[in-house]
Structure formats: structure tokens, C-alpha cells
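Participant: Chains as they are written, first to last, in my numbering: chain A, 403 to 700; chain B, 403 to 700.
In this text, a Cβ means the ideal position worked out from N, Cα and C, and glycines have one as well.
Only a predicted model underlies this, so the values are computations on that prediction, with no experimental measurement involved.
Quick one: the structure is below, questions incoming.
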């Protein structure tokens, strides 16, 4: 079965479409496919999602970083979103047939190459981090490009994992590996926001709830219903159906029904197979049993 | 999104592997992929499963029928399984992005071509049938090759849909279209076969139960547990989770728990997406939301 890695580089350009076009064009090629492309003018940032076989994805990420370093000047960049580099952050995400360790190895190899060939300082983050505090992107990015520029040479806490302790117009790049993130919302048959907030508070990991689940309560103003909005940060730890059932149980305790749920963006087949396996008491179900996997994935 | 049709031709050869090899080799080519190959020596029959884009699948089926007509002689064929032709039956099955009507059109076009180019009588069956009684394969195949040979010229009920009302050593071929068949079993936490038989009897269409569901109760001797074994003949009418839930409900009424379930063979992604959509109250979920579909299926 083909291994699939997703990569979601964030570039510090959200206004000049032709620049983003050029970066995307540099990344595409055999073995990778574009899955998404978002530009935000206020953030002055774009988020590109692509996926494919690991080697091709790693090479594509390198080409994107190289191209962005030619086209984006951090000294001239203004935007609402925190950033430290032309290519700000590059996570590798296992989708299928690839371990987290392999994605960590990709991140380290790419980081070393970016430093060597492009002379850009690289910080490893999330599962690829070399220091516990660097798991946290916000920590690495504190003070943004402007602060990093001042401190990188003098502050040992700012020493990059690869590359020079000095920074050019392309800034620094954060590279790492993390699990696939699933954005999953459950709409409640109530207009009482307090109930959604309570449920979110009970089920989220931070408060001792489900592991690898972040949750917030929101109001959907147009529909006048309350929503529990979740990020499942590792569906192999807490899957979609487990999260859904937890919300449903908590809602029932409060006399509220679940209206429906929604998945934002794409999900890996494994995450859906897992839902079906759980719902059908079918532990043996695997993605390989899907006709389409046999047809396209092997 | 790529359209996918599956084709499951049955050939009257289950002993000479080299003959089956040659037929399979004739069918494979650009746009089609082999999914399964079963030979049964007692039945003296092989079942080949392949799938791909509609045009390629239709052409592949023709090449298989042509090759089988050269290599298999029905006058010399003996086997336990009923048959009327070297290529006995050829169903087209919509998997994705293809309607049943399109598969019916494929069956008719292929039937006309087989008659014209190979001079083989063709009967249309299931959803492609031109007479109600011909929906039923067993009806078309009554008396097998030997009876058909005697009656085809004289009995108007035996008149083929395409081709000559006379039969050669390649016999006649039945071509048609049907929904994807899912073989799905639910194992019960009991060794009482009677309970499995009762449940099967309640849920199957024949007794007024779930539409497009065939069900039988079986004993799994090795595990000493009873099983409700189902064929879901159209998952768009009754899906896997609906069937599972019906068995579970009936089991609960009888004080018996469900141990686990099993899916035999491959299932279309749509059938799994449907399970997840139902389990998560997520009506908007579509196969297009799966990363792999974006990567391979478009």
C-alpha cells in the first residue's frame, strides 16, 4: 500500500496571489497532489496543504521553502498572524502507512537540508522537537521575527537546531511532525450556549476529559443553536465516534439532544474506518478492505 | 472524481489454472485492476473480480468473453455449478460515481457486441433484464447448457436478447447489472442456533423485514457461537449499520449480546462513509471528504 504523508506549510504571504502561485508551482510535481490552498490578507499568510508519497513530499517542501526564501522579505512583511519566517512552519503529518517516527525523520532531514543549502535557521517542533519547550510552536515563535533577529546570536535558548545563529530576510523556519488534526463539531438542540460550554469543559483533555481533545462551546447565531467545537489532535488516541458519544452522553445528562455533527475539511480514511469499526463492533475492519484502496492505493 | 465500475465475470473453468491465467491476462490493461480471483475445482468455475473506469471495464469484459470462447468447450465441461456458457455470467456493479442506469447501458452495449462479434447468444439479467422473469439468473440458466442447446431454437421463452438462436461450444452468456453485494455477518454471544435463525428470519426482506437483506442463521462450530449471516443486496436501500442495529435490537429482545461483526471481502468507500454518517449524525459526510479520495480518486 502506498504510504501517504501530508504537509501543511504556512507561508508569510497572503496578499500577492502571484507569489503564492509561484511557491505552489514550485512544490507540485510527481508524487504529490495539492489538497488545499488558503490565503488570508489580514494575516498576510497562506496555508498550503498537499500530500503524497514521503520522499516526494519532503522534496516538495524543500522546493517551497527555497522559492519562498527568494520571494518573501520578512523585513517588509506585516500581518496579524505571528511569524518568524518566509516559510513559517512546516508540519509533516502521517496519513497512511507511515509512522510518526518516519515523519520526525523527514522533519529532521529537511531541517538539515534547509540549513545547509539555503542557510536558513531551522527549529524543530512538536513530535520532532529536541527540547521539551520547543514542542510548542508559540514558544519558538515568541516575539516573532523581529525579536528573534535580535536574540538569535546571543540567547542560547534561541539557538536553532540546524543552520546559522543569524537571520536573513527569509527569517527562520519551524519544521516538525504532528498527528492529523480533525476539526469536528457537534450541534446541540438548544440555544443555551452555557450547555455547550459546560460539555466542552467536561470532555476536553485540559480538564481531565478525553485525551487529545480540545473543545470549546460556540453559538451558531444564524441557526440559533449551541455547538461543541472540537479539535481531535490524534484520532488514534481519541477517535471521532468516541468524541461524538462523549458529547451525546453529556448532552443527554442535561436533557438536550444532538442535532447533527460536521467534519471540517478532509479526514484520513483510517479515521472513518475506525468509526465504522467501532459502530459495527468490527475490530478487524481495515482501510485495505475498501474497494478504492485496492484500486488506487496500492 | 473517477467513476468506478466493478465487474465479476464467472467462467466455466476451475481446474486448468493456465486457462484462467490466459483469460485474466486478456482482461487486464489500462484503466482496470484485478481485485480478486477464485477457482473452484468441484464447481469447475472461476470468479474474477476487477474494477476501473467504465469504458475500460466494458472493453476488458469483452476481451475476457472472447478469450474464454476460444479456450472453453461447454460440450466437454463438467462441474457442480449450474452454467450455460464458457463465460457464464457477467454482472456490472456500480461502485462510485456511476448510476445503475449507466451499468445497465454497459450491459446492453456489451451484450450486443458479444452477439455481433462473437456470435454468442446473450441474455440480459437482473437490472438489465428485458423480461421480468429474466431478472432471475436461475430462470435463464434452467436446465443449463444442455437443455438450452435443445430448446434455444424452438422455445420462444429461450430466445436470446442478442445474437443467434443457436448455440456453439462457447454456450450462451448472461450479462447484466446489479448493486454491490455486501456479505456481512454478526456473531452472537450464544451457542443457541435457534436464536440466530429467529433473528435472521425476522430481519430478512422475504419475511417482511429489512429491504434488500437476505439472512440466515449459522453455527460457527469452532467458536461454538451462533451467527446471523447476511447479504446486503443494495446498501443504498439498507446499509450496514442499519442491518447491524436490527440484529442487535432483536438479539437484545432475546437477552443475547452481540459479540462482533465481520465484513467479507471488499466494500465500497460509500458503504463505510454511510456507516460513519449514520453513527455520527453527519448527513453531509461524503466520500470526497476522505484524504485518499482527493489523492487517488480524482
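Just how far apart, CA to CA, sit residue 473 of chain B and residue 421 of chain B?
Facilitator: Residue numbering aside, residue 473 of chain B sits at position 71 when the second chain is read from its first letter. Residue numbering aside, residue 421 of chain B sits at position 19 when the second chain is read from its first letter. About 7 Å.
Participant: Cutting at 8 Å between CB atoms, please list the residues of its own chain near residue 445 of chain A, excluding the five before and the five after it.
Facilitator: Stepping through the first chain from its first residue, residue 445 of chain A is reached at position 43. Here the set comprises 416, 481, 482, 483.
Participant: Once the 5 residues before and after residue 424 of chain B are set aside, which same chain residues still bring their CB inside 8 Å of it?
Facilitator: Reading the second chain from its first residue, position 22 is the one you call residue 424 of chain B. So the list reads 469, 473, once near-sequence residues are dropped.
Participant: For residue 605 of chain A, tell me which candidate among A:596, A:591, A:630 has the shortest Cα-Cα distance.
Facilitator: Position 203 of the first chain holds residue 605 of chain A. Measuring from the Cα of residue 605 of chain A, the nearest candidate turns out to be A:630.
Participant: Contact criterion: CB-CB distance below 8 Å. Does residue 663 of chain A meet it with respect to chain B?
Facilitator: Within the first chain, numbered from 1, the residue matching residue 663 of chain A stands at position 261. Answer yes: the Cβ-Cβ gap between residue 663 of chain A and chain B drops below 8 Å somewhere.
Participant: The alpha helix (DSSP H) that contains residue 439 of chain A, what's its start and end?
Facilitator: As a working mapping, residue 439 of chain A is identified with position 37 in the first chain. Where residue 439 of chain A is concerned, there is no enclosing alpha helix (DSSP H), although the beta strand (DSSP E) it sits in stretches over 434-442.
Participant: Which parts of the segment 424-498 of chain A are runs of the alpha helix (DSSP H), unbroken and 4 residues or longer, counting only runs that do not cross its ends?
Facilitator: Counting whole runs of 4 or more residues, the segment 424-498 of chain A contains the alpha helix (DSSP H) stretches 456-473.
Participant: Under the three-state reduction of DSSP, which class applies to residue 700 of chain B: helix, strand or coil?
Facilitator: For the purposes of this step, residue 700 of chain B is taken as residue 298 along the second chain, with counting starting at 1. Because the pLDDT of residue 700 of chain B is 49, which lies under 50, any placement of that residue in the model is unreliable, and the number read from its coordinates should be weighed accordingly. The answer is coil: DSSP assigns residue 700 of chain B none of H, G, I, E or B.
Participant: From the DSSP output, in three-state form, read off residue 669 of chain B for me.
Facilitator: Mapped onto the second chain, residue 669 of chain B falls at position 267. Of the three classes helix, strand and coil, the one that applies to residue 669 of chain B here is strand, per DSSP.
Participant: To test your reading of the DSSP string, which unbroken beta strand (DSSP E) runs of 3 or more residues are found completely within the segment 582-606 of chain A?
Facilitator: Correct list: 584-590.
Participant: Looking at the C-beta of residue 408 of chain A, does it have a partner C-beta in chain B at a distance below 8 Å?
Facilitator: The sequence position of residue 408 of chain A within the first chain is 6, counting from 1. By this cut-off, residue 408 of chain A is an interface position.
Participant: What separation, rounded to the nearest whole angstrom, lies between the Cα atoms of residue 514 of chain A and residue 659 of chain B?
Facilitator: As a first step, residue 514 of chain A is located in the first chain; it is residue number 112 there, counting from the start. As a first step, residue 659 of chain B is located in the second chain; it is residue number 257 there, counting from the start. Looking at the two C-alpha atoms, the distance is approximately 56 Å.
Participant: Rounded to the nearest angstrom, what separates residue 505 of chain B and residue 517 of chain B at their Cα positions?
Facilitator: Indexing the second chain from 1 puts residue 505 of chain B at position 103. Indexing the second chain from 1 puts residue 517 of chain B at position 115. Computed Cα separation, rounded: 18 Å.
Participant: Give the interface partners of residue 691 of chain A over in chain B, defined as CB-CB distance under 7 Å, in chain order.
Facilitator: Here residue 691 of chain A is taken as the residue at index 289 of the first chain, counted from 1. The contacting residues are 665, 668, 669.
Participant: Does the Cβ-Cβ distance between residue 541 of chain B and residue 573 of chain B come in under 8 Å?
Facilitator: As a position in the second chain, residue 541 of chain B is number 139, starting the count at 1. As a position in the second chain, residue 573 of chain B is number 171, starting the count at 1. No, Cβ-Cβ distance for residue 541 of chain B and residue 573 of chain B is not below 8 Å.
Participant: Which residues, in order along the segment 442-456 of chain B, keep a beta-carbon less than 9 Å from a beta-carbon of chain A?
Facilitator: The segment 442-456 of chain B vs chain A, Cβ under 9 Å: 453, 454.
Participant: Using a Cβ-Cβ cut-off of 8 Å, state whether residue 422 of chain B counts as contacting chain A.
Facilitator: Along the second chain, one-based indexing puts residue 422 of chain B at 20. Residue 422 of chain B does not count as touching chain A.
Participant: Quick check: what's the CA-CA separation for residue 700 of chain B versus residue 697 of chain A?
Facilitator: Numbered from 1 along the second chain, position 298 holds the residue referred to as residue 700 of chain B. Numbered from 1 along the first chain, position 295 holds the residue referred to as residue 697 of chain A. With a pLDDT of only 49 at residue 700 of chain B, under 50, the local geometry of the prediction cannot be trusted, and no value is derived from it.
Participant: Check the Cβ-Cβ distances between residue 695 of chain B and every residue of chain A, and say whether any is below 8 Å.
Facilitator: As a first step, residue 695 of chain B must be located in the second chain, where it is residue number 293. Residue 695 of chain B counts as touching chain A.
Participant: Do we get a CB-CB distance below 8 Å when we pair residue 596 of chain B with the residues of chain A?
Facilitator: Translated into positions along the second chain, residue 596 of chain B becomes position 194. No, its Cβ sits nowhere closer than 8 Å to a Cβ of chain A.
Participant: Does residue 498 of chain A get closer than 8 Å to chain B when you measure Cβ to Cβ?
Facilitator: Within the first chain, the letter at position 96 stands for residue 498 of chain A. It does; some Cβ of chain B falls within 8 Å.
Participant: Quick test of your reading: residue 613 of chain B and residue 651 of chain B, contact by CB under 8 Å. State the CB separation rounded to the nearest angstrom.
Facilitator: Counted from its first residue, the second chain places residue 613 of chain B at position 211. Counted from its first residue, the second chain places residue 651 of chain B at position 249. 17 Å between Cβ atoms; not a contact.
Participant: Quick check on the DSSP output: the alpha helix (DSSP H) that includes residue 654 of chain A runs from which residue to which?
Facilitator: Counting from 1 along the first chain, the entry for residue 654 of chain A is found at position 252. 642-655 is the extent of the alpha helix (DSSP H) around residue 654 of chain A.
Participant: Could you name the residues of the same chain whose beta carbon sits closer than 8 Å to that of residue 458 of chain B, not counting the 5 residues immediately before and after it, in chain order?
Facilitator: Translated into the one-based positions of the second chain, residue 458 of chain B becomes position 56. So the qualifying residues of the chain are 431, 432, 433, 434.
Participant: Near residue 538 of chain B, which residues of its chain fall below 8 Å by C-beta distance, leaving aside the five closest residues on each side in sequence?
Facilitator: Numbered from 1 along the second chain, position 136 holds the residue referred to as residue 538 of chain B. Cβ neighbours of residue 538 of chain B beyond the five flanking positions: 527.
Participant: Taking only the alpha-carbon atoms, compute the straight-line gap between residue 426 of chain A and residue 521 of chain A and give it to the nearest angstrom.
Facilitator: Reading the first chain from its first residue, position 24 is the one you call residue 426 of chain A. Reading the first chain from its first residue, position 119 is the one you call residue 521 of chain A. About 21 Å.
Participant: Within 8 Å of any Cβ in chain A, is that where the Cβ of residue 660 of chain B sits?
Facilitator: Here residue 660 of chain B refers to the residue found at position 258 when the second chain is read from its first residue. By this cut-off, residue 660 of chain B is an interface position.
Participant: Evaluate the contact criterion for the segment 448-458 of chain A versus the segment 404-411 of chain A: three or more CB pairs, one atom per stretch, below 8 Å.
Facilitator: Flag = yes, the segment 448-458 of chain A and the segment 404-411 of chain A touch.
Participant: Any C-beta of chain B sitting closer than 8 Å to the C-beta of residue 637 of chain A?
Facilitator: Translated into the one-based positions of the first chain, residue 637 of chain A becomes position 235. Not closer than 8 Å to any Cβ of chain B, the Cβ of residue 637 of chain A fails to qualify, so no.
Participant: If you draw a straight line from the alpha carbon of residue 555 of chain B to that of residue 529 of chain B, how long is it in whole angstroms?
Facilitator: As a first step, residue 555 of chain B is located in the second chain; it is residue number 153 there, counting from the start. As a first step, residue 529 of chain B is located in the second chain; it is residue number 127 there, counting from the start. Their Cα atoms are separated by approximately 25 Å.
Participant: What residues of chain B sit near residue 620 of chain A, judged by a beta carbon separation below 8 Å?
Facilitator: If you number the first chain from 1, residue 620 of chain A lands on position 218. In chain order: nothing, as chain B lies at least about 18 Å away.
Participant: Just how far apart, CA to CA, sit residue 632 of chain B and residue 656 of chain B?
Facilitator: Counting from one through the second chain, the residue named residue 632 of chain B turns up at place 230. Counting from one through the second chain, the residue named residue 656 of chain B turns up at place 254. Residue 632 of chain B and residue 656 of chain B: Cα-Cα distance of roughly 19 Å.
Participant: Closer than 7 Å by beta-carbon distance: list the chain A residues that pair up with residue 646 of chain B, in chain order.
Facilitator: The count along the second chain starts at 1 and reaches residue 646 of chain B at position 244. Result: 682.
Participant: Give the range of the beta strand (DSSP E) segment to which residue 542 of chain B is assigned.
Facilitator: Taking the second chain and counting its residues from 1, one reaches residue 542 of chain B at position 140. Here residue 542 of chain B belongs to no beta strand (DSSP E); instead the alpha helix (DSSP H) covers 539-542.
Participant: Counting only the same chain and skipping the five closest in sequence on each side, list residues whose C-beta sits under 7 Å from that of residue 615 of chain B.
Facilitator: Numbered from 1 along the second chain, position 213 holds the residue referred to as residue 615 of chain B. Excluding residues within five positions, the ones whose Cβ falls inside 7 Å are 605, 606, 607, 632, 634, 640, 645.
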